[in-house]
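Undergrad:
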Amino acid sequence: MRRAVPAWVLLSCLLLALPPGRGAAQTGDCTAPTTQATMNLCAMEAWLAADDALNAAYARAVSAIEALDPDGSRGLEALLREAQRAWIVFRDAACEAEAALYAGGSIEPLIRATCLERLTVERTRDLLAYGDEEK
């Protein structure tokens, strides 16, 4: 005779299998992480915060372009978009290369996320200065 699995057991297993969402509450203490899993999680959260700042800086740069090239005749927005897409490819490849040094190790996600955060913060600074030197 087959026994039915309670719905709450199935739901619990499903929820445990899902990755935490971007807005999910963090379970670790990022001020002093004590486990590798927490360090990995904290590094990922730091990168996601840096990515949010990057997106805001990009929007600001686009606004600066609109002021410098209101009719779009100079093609500045397309140039910035192309540069940003190329930078994303570079960032991802550079961080994969850095993380590959630790492939299979528990620190690999930390190395990748730390690299992503570092390069994203640098790019954010560049974008925040974009358009400051009007030509």
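Positions -24 to -1, 1 to 111 (mature numbering (1 follows the signal peptide of the UniProt record, and there is no 0)) are the ones given, in order, by the sequence shown. Glycine is no exception: its CB is placed at the ideal position from the N, C-alpha and C atoms.
1. Relative to the C-alpha of Ala105, which residue among Thr10, Leu30, Ala26 and Thr11 is closest?
2. Apart from the five residues on each side of it in sequence, which residues of its chain come closer than 8 Å, Cβ to Cβ, to Glu53?
3. For the pair the stretch 74 to 91 and the stretch 3 to 17, tell me if three or more CB-CB distances fall below 8 Å.
4. Do you know offhand how far Thr90's Cα is from Tyr34's?
5. Could you give the DSSP three-state label for Ala76: helix, strand or coil?
6. Mind checking whether Ala26 and Thr100 have CB atoms under 8 Å apart?
7. Answer yes or no: the CB of Leu44 versus the heavy atoms of the ligand NAD, is any distance below 7 Å?
8. How close, in whole Å, do the beta carbons of Cys71 and Leu55 come, if the pair is a contact with beta carbons under 8 Å?
9. Count the other CB atoms within 10 Å of the CB of Ala75; is the residue buried (16 or more) or exposed (fewer)?
10. How is Arg50 classed by DSSP in three states: helix, strand or coil?
TA: On the basis of the coordinates in this document:
1. Nearest C-alpha to Ala105: Leu30.
2. Excluding residues within five positions, the ones whose Cβ falls inside 8 Å are Val38, Ile41, Glu42 and Asp45.
3. Short answer: they touch.
4. Cα atoms of Thr90 and Tyr34: separation of roughly 21 Å, rounded to the nearest angstrom.
5. Of the three classes helix, strand and coil, the one that applies to Ala76 here is helix, per DSSP.
6. Cβ atoms of Ala26 and Thr100: closer than 8 Å.
7. Within the structure as shown, the ligand NAD is missing, as the structure has no ligands at all.
8. The Cβ separation is near 25 Å, so there is no contact.
9. Label assigned to Ala75: buried.
10. Residue state, collapsed to three classes: coil.
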